[in-house]
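**Student:**
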Amino acid sequence: MRSIVGLVCVVGAATLYLYLLSTYLPVGPRRVTSSHVRGEETAEDPQQSPEKHGRLKFPSDLEELREMAELLRYYKSEHTGYILLLFSSAYLYKQSFAIPGSSFLNILAGAIFGPYQGLLLACVLTTVGSTLCYLLSQAFGKDYIISLFPDKVSLLQKKVEENKDCLFFFLLFLRLFPMTPNWFLNMSAPIVNIPIVFFFCSVFIGLLPYNFVCVQTGAVLSEVSSLDDLFSWQRLLQLLAIACMALLPGALIRRYSQKRFKLGSAEHNGLPANKKSQ
13 MRSIVGLVCV VGAATLYLYL LSTYLPVGPR RVTSSHVRGE ETAEDPQQSP
63 EKHGRLKFPS DLEELREMAE LLRYYKSEHT GYILLLFSSA YLYKQSFAIP
113 GSSFLNILAG AIFGPYQGLL LACVLTTVGS TLCYLLSQAF GKDYIISLFP
163 DKVSLLQKKV EENKDCLFFF LLFLRLFPMT PNWFLNMSAP IVNIPIVFFF
213 CSVFIGLLPY NFVCVQTGAV LSEVSSLDDL FSWQRLLQLL AIACMALLPG
263 ALIRRYSQKR FKLGSAEHNG LPANKKSQ
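Note that the sequence shown covers residues 13 to 290 in the numbering used here.
1. Pick helix, strand or coil for PHE152, following the three-state DSSP scheme.
2. Between which two residues does the alpha helix (DSSP H) holding GLY6 run?
3. Is it the case that the Cβ atoms of GLN107 and SER149 are separated by a distance below 8 Å?
4. Compute the Euclidean distance between the alpha carbons of VAL172 and ILE206, then round it to the nearest angstrom.
5. Hey, would you say GLY153 sits closer than 8 Å to LEU183, going by beta carbons?
6. Determine, using beta carbons only, whether PHE224 and LEU131 come nearer to each other than 8 Å.
7. Which residue's Cα is closest to the Cα of TRP195: LYS170, VAL209, LYS164?
8. For SER34 and LEU28, I'd like the C-alpha separation in whole angstroms.
9. Check TYR146 in the structure and name its three-state DSSP category.
10. Please state whether DSSP places ILE124 in a helix, a strand or coil.
11. In whole angstroms, give me the CA-to-CA distance for PHE189 and TYR222.
12. To the nearest angstrom, report how far apart LEU96 and SER200 are at their CA atoms.
13. For a minimum of 4 consecutive residues, which ranges assigned as the alpha helix (DSSP H) are wholly contained in the region 92-116?
14. Can you look up TYR36 in the DSSP assignment and give me helix, strand or coil?
15. Within this structure, are the beta carbons of ALA81 and LEU144 separated by less than 8 Å?
16. Alpha carbon to alpha carbon, what distance is there between LYS88 and GLY113?
17. Compare the Cα-Cα distances from THR139 to each of TYR86, GLU90, LEU197 and report the closest residue.
18. Could you give the distance in angstroms between the alpha-carbon of TYR103 and the alpha-carbon of ILE16?
19. Are the beta-carbon atoms belonging to ALA123 and SER234 less than 8 Å from one another?
20. Keeping to the same chain, check which residues put their C-beta closer than 8 Å to that of GLY18; ignore five residues upstream and five downstream.
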């Protein structure tokens, strides 16, 4: 009971903090627009810009993502610290409490901060948020996770023990070719006695290809204004290079895993060994 109360307090405090932070939107810079009819330049009222671009919320599709990226880039020009704090807080909130939707935030990072700063930010936030989820599970959720997912926890414990001599590379394999969702691995890692140092480093390195693809996609989409731009040779070659860079680490780890890891083909396919032939 004490663990439930503690977890509720943590979630409530984090939600209140994020809500208060998102409701405080500083006055944005004045933007100068041209009037093609009169040939005059007019300045937009910064007080009206939030309503014109839309309210702050987590994007759920590509159009909302583009609008959100445009709004945040607009404010980032003079309120970089606030935008960085808001984005980081929202990302950590999702990761810490295992809420789906990090892919949209990774794409948004590329659209707002660019391909290089966005990638670094996404990798750091993914790692820190997953580690916070690890610590929350260790402090409040061990008994509940075991009671809710007894078979999955038991299977993961067995695989961790079988691959104890190459545990770090096994964790990298799980991130690149997940036998179990990342959110479950984050919560169950302290239960199966995965050291936090191994966990931290495996998240940073193992999710790097995924973060790279999402951030680069966001950087590309932020520069695209039509489908013709998207399907130009330059963009297609850029997307092909992104895909190759993302697949290379996975191919290396997969080749290593065939020699070293004890995965079990039946369990890897989600079936018990005695049912595979049925």
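Backbone N, C-alpha and C fix where the C-beta goes; we use that ideal spot for every residue, glycine too. Just so you know, these numbers come straight off a predicted model, no measurement behind them.
**Tutor:** According to the data block:
1. If DSSP states are grouped into helix, strand and coil, PHE152 belongs with the helices.
2. Residue 6 is absent from the structure shown; the chain starts at 13 and stops at 290.
3. Against a cut-off of 8 Å, the Cβ pair of SER149 and GLN107 comes out as no contact.
4. Looking at the two C-alpha atoms, the distance is approximately 8 Å.
5. Not closer than 8 Å, so no.
6. Yes, Cβ-Cβ distance for PHE224 and LEU131 is below 8 Å.
7. Minimum Cα-Cα distance from TRP195 among the listed residues LYS170, VAL209, LYS164 corresponds to LYS164.
8. Each residue's alpha carbon lies about 10 Å from the other.
9. Three-state result, TYR146: helix.
10. In this structure, ILE124 counts as helix in the three-state DSSP scheme.
11. Straight-line measurement puts the Cα of TYR222 at about 11 Å from the Cα of PHE189.
12. For LEU96 and SER200, the distance between alpha carbons rounds to 30 Å.
13. Counting only runs of 4 or more residues that sit fully inside the region 92-116, the alpha helix (DSSP H) segments are 92-108, in chain order.
14. Assignment of TYR36 by DSSP, reduced to helix, strand and coil, places it in the coil class.
15. Their beta carbons are not under 8 Å apart, which means ALA81 does not touch LEU144 by this criterion.
16. One C-alpha to the other measures close to 22 Å.
17. Checked all of TYR86, GLU90, LEU197; the closest Cα to THR139 is LEU197.
18. Taking the straight line from one Cα to the other gives about 23 Å.
19. Taking 8 Å as the cut-off, the Cβ atoms of ALA123 and SER234 count as close.
20. Short of 8 Å from the beta carbon of GLY18, and not among the five residues preceding or following it, lie these beta carbons of its own chain, in chain order: ALA151, PHE152.
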